[in-house]
Every structure is written in structure tokens, then in C-alpha cells.
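Report on the following structure.
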Amino acid sequence: MNKQALETIAQAMVTDGKGILAADESTGTIKKRFDSINVDSTEDNRRDYREMLFRTEDAMREHISGVILFDETLRQKAADGTPLAQVIADTGALPGIKVDAGAKPMAGHDGEMVTEGLDGLRDRLNEYHALGAKFAKWRAVINIADGLPSAACLAANTHALARYAALCQEAEIVPIVEPEVIMDGTHTVERCYEVTTAALTSLYEQLGQQGVHLEGTILKPNMVVSGTENSVQAGLEQVAEMTLDCFHKCVPEAVPGIVFLSGGQSDHDATAHLDAMNKIGGLPWKLSFSYGRALQAAPLKAWGGKAENTATAQAAFAHRAKMNGLAARGAWSADME
Ligand code: 5MM
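Counting the sequence shown from 1 gives a position; our numbering is that position plus 72.
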């Protein structure tokens with residue numbers, strides 16, 4: 073393992089005022105996104121849409137440190153023949169790759185999922201490294217419901233995350249570890265805190281057992297929020313304080329950065345929560361974003377599958393990237409929206 077190389081990449085991923093664009097929607101997920109704007113999910117449309125984002129020059133240069141890609145995108149070329157990974161690298165951002173094979177129903181555990189993809193991962197990582205990937209992502213899905221998550225679900229998912237992370241580091245690829253506690257449900261914010269604490273505690277135990285070099289990793293967690301169907305929703309300050317309290321207890325200081333997922337939060341909430349945490353400050357890790365929907369919902373809608381909307385869609389993406397870049401410094405305010 074080349075620890076120095078891993079640390080250099082991890083630090084670059086959390087450069088001040090920058091965060092990550094999660095553009096790694098799998099084929100099923102991108103189809104859902106395109107369905108919402110009545111656009112066919114063809115290979116060319118996926119390429120055009122993503123190329124449009126990656127060619128939003130100022131936003132990419134100033135606010136995006138890396139882009140998570142799906143396998144198809146890492147192999148795709150822009151309309152002018154330039155590999156999309158090169159288009160990203162030319163802006164100074166790092167290309168990354170989603171390497172999990174998706175969350176599948178967990179045998180014997182109704183309502184729970186376990187993420188697959190370890191078989192053959194070593195070979196795939198070596199290929200991705202040769203294709204220019206500097207970091208990778210693996211997402212575990214943890215549902216909250218009556219009696220869930222089970223200890224078995226947490227153990228299986230965090231064990232897989234740790235084995236994935238060890239394989240990444242062997243291939244000189246920085247692993248983003250993403251144990252996502254899902255927002256859907258009627259649960260309270262306190263229950264989300266408990267489950268997030270249990271997931272992160274288990275994750276760092278497993279990463280330790282597998283000998284993962286924490287300085288060469290990035291954590292991609294959920295924030296501690298109320299279940300979407302609970303009539304009582306925690307406010308901005310409570311979310312910020314409970315999330316930070318949980319991380320101070322669970323996330324070792326050796327971890328260089330925490331980049332949040334947006335998880336279905338509104339664009340405004342995802343930005344406001346990140347900003348509020350950075351305003352509290354006094355943190356041992358960088359705190360930034362790795363948003364999918366909270367960066368892409370606005371440009372996707374503005375684009376609508378029409379080339380003539382490119383400039384408007386790029387402006388929408390640039391705006392969200394700028395707002396989240398400010399939030400990553402604790403320098404955002406609602407009137408900037
Ligand atoms: C962009 O979506 C990612 C891929 O999802 P699927 O494997 O389900 O297609 C997803 O992992 C994403 O990176 C995270 O959930 C963060 O995205 P959000 O939209 O929650 O910020």
C-alpha cells in the first residue's frame with residue numbers, strides 16, 4: 073500500500089470549499105431520473121447530460137474536487153472524442169468510480185439489504201486504476217423500521233465496506249465508504265442518531281480489523297435527521313448539533329474528510345445543514361458534500377433533454393455547486409440563494 077499516494081488523493085478530495093459530484097447513478101436510477109423529465113435513458117442521452125455537467129468549467133474548477141462515475145461513464149467519450157474522465161481531469165477534478173454491484177435483499181432478513189460486489193473486485197479495481205480512477209465508492213443501505221436494522225445487517229454491510237476499502241487501497245485507489253442510513257420512515261431524529269452511531273461504530277471496528285489506512289479514506293454518511301414521515305421534523309440547529317455529536321463519538325480523527333450524501337433532502341436543506349455544521353466548527357475532519365440529487369435536481373430539470381437548454385442547465389448546476397462550496401466553508405447564507 074502506498075500510504076502517501078492515498079493520503080494525497082484523499083486530501084485533494086476535501087480541498088477547502090470543494091466537494092464531490094455524485095454522478096454514478098446506475099442504469100435503473102438514471103432511468104428514473106430521466107423518466108421524471110420525459111427523456112429516454114439512451115446511452116447517448118446519458119453521455120450528453122453528464123458531459124454537459126462536466127463541461128460546466130467554472131463550477132468544476134472552483135467547487136468540485138472529484139466526480140463519482142458509473143462504469144459506463146468512465147468508458148465513454150465526449151461528443152468530440154475526448155474520454156469523459158479526461159474532460160473531468162482537465163478541470164482539475166479527480167475521476168472516481170462506483171464499484172459496488174448494488175444493494176440486494178438480505179437473505180433471512182425481510183426489509184434489509186446487503187451490498188454485493190466483492191467477487192472479482194481486485195481485478196476491476198486494477199482496470200479502473202488504469203482507466204484513470206483515483207477513488208472509488210461503495211454504498212451500503214441501512215433501513216430503519218420496527219426492529220430494524222438488525223445486528224446482522226450492520227455487521228454484513230460494514231464487513232463488506234471494510235473488505236472493499238482494503239482492496240481499493242491495495243490498488244492505490246482511495247475508498248469512499250458510504251453507510252447510508254435511509255431517511256424514509258416514521259422514526260424520530262433520536263432513532264436516526266442511535267442507528268447512525270451503531271453503523272459508524274461497526275464500520276470503524278471493521279475498517280480497523282481489515283487494516284485499512286484511515287488517512288487514505290473518505291467517509292460519505294447521512295446526516296442525523298428525522299424520518300421523512302414523522303410529523304415532528306428536527307430543525308436546522310438540531311440536525312447540525314446531533315450529526316456533529318454523533319461523528320465526534322464515532323469517527324476517528326485520522327479520517328481526513330467527511331462528505332455527506334443528500335439522501336432526498338431538498339437542495340436548500342442539504343446546503344443549509346452543511347453550512348450550519350461548518351459554522352459550529354472546531355472539527356478534526358473536513359466537512360463537505362458528495363451530493364447526487366442536491367446538485368443535479370435543478371440542472372436536470374432545466375435541461376429537459378434539449379440541447380438548447382444547455383446554458384440554463386449549466387447555470388443551475390454552477391449555482392448549486394457554488395452554494396455548496398460556500399457551505400463547505402461555513403460561508404453560505406440563505407439570501408445568497
Ligand atoms: C448518484 O446516486 C448514487 C448511485 O445510486 P444507485 O447505485 O442507487 O444508482 C448514490 O449512491 C449516491 O451517490 C448517494 O446516495 C448520494 O446521492 P444523494 O442523491 O443521496 O445525494
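Where a beta carbon is used, it is the ideal one built from N, C-alpha and C, also for glycine.
Small disclaimer: the values here were computed from a predicted structure and weren't measured.
Going by DSSP in three states, Gly100 sits in which element: helix, strand or coil? helix
Can Gln386 and Ala366 be called in contact, C-beta distance under 8 Å? no
Give the secondary structure of Arg118 by DSSP, where H, G and I count as helix, E and B as strand, and everything else as coil. helix
Alpha carbon to alpha carbon, how far is Leu275 from Met178? Give it in angstroms, no decimals. 18 Å
For Trp375, the first and last residue of its enclosing alpha helix (DSSP H): 365-375
What did DSSP end up calling Glu325 once you bin it into helix, strand or coil? coil
Does the Cβ of Asp182 lie closer than 7 Å to at least one heavy atom of ligand 1? no
Verify whether the separation of the beta carbon atoms of Ile33 and Lys209 is less than 8 Å. Outside the shown range of the chain (73 to 409) lies residue 33, about which nothing can therefore be said.
For Arg196, the residue or residues it bridges with in DSSP: In DSSP, Arg196 forms no bridge with anything.
Leu398: which of Lys321, Ala271, Ala342, Asn117 sits nearest, CA to CA? Ala342
Where does Asn74 land, buried or exposed, given buried means 16+ other C-beta within 10 angstroms? exposed
Quick check: what's the CA-CA separation for Asp120 versus Ala151? 8 Å
Roughly how many angstroms lie between the CA atoms of Asp88 and Glu134, to the nearest whole one? 10 Å
For a quick check, are the C-beta atoms of Leu333 and Asn294 less than 8 Å apart? yes
Could you spell out where the beta strand (DSSP E) holding Ile245 opens and where it closes? Taken as a continuous stretch (DSSP letters only), Ile245 belongs to no beta strand (DSSP E), as it is neither H nor E.
Could you check whether the region 105-124 touches the region 228-246, counting it as contact only if at least three pairs of C-beta atoms, one from each stretch, sit closer than 8 Å? no
Between the region 346-360 and the region 270-286, do three or more beta carbon pairs fall short of 8 Å? no
Take the Cβ of Ser298 as the centre, count every other Cβ of all protein chains shown within 10 Å, and call the residue buried at 16 or more, exposed below. buried
In the DSSP output, what is Arg211 paired with across the bridge? Glu250
Short check: CB of Leu193 to CB of Val171, under 8 Å? yes
Considering Cα atoms alone, identify which of Ala369, Leu279, Glu252 is closest to Thr268. Glu252
Could you tell me how far apart the beta carbons of Phe126 and Val86 are, in whole angstroms, since I believe they sit closer than 8 Å? Their Cβ separation, rounded to whole angstroms, is 20 Å, which puts Phe126 and Val86 out of contact at 8 Å.
Under the DSSP definition of a beta bridge, which residues are partnered with Lys206? Paired residue(s): none; Lys206 is not in a bridge.
Identify whether Ala95 lies in helix, strand or coil by the three-state DSSP scheme. strand
Minimum C-alpha distance to Gly307 - residue among His345, Cys264, Glu188: His345
Give every residue whose Cβ lies closer than 7 Å to any heavy atom of ligand 1, listed in chain order. Ala94, Ala95, Asp96, Glu97, Ser98, Gly100, Thr101, Ile140, Lys170, Gly174, Lys209, Arg211, Glu250, Glu252, Leu333, Ser334, Gly335, Gly336, Ser362, Tyr363, Gly364, Arg365, Ala366
Lys358 versus Ala82, Leu78, Thr154, residue with shortest Cα-Cα distance: Ala82
If you compare alpha carbons, which of His181, Cys240, Glu301, Arg263 is closest to His285? Cys240
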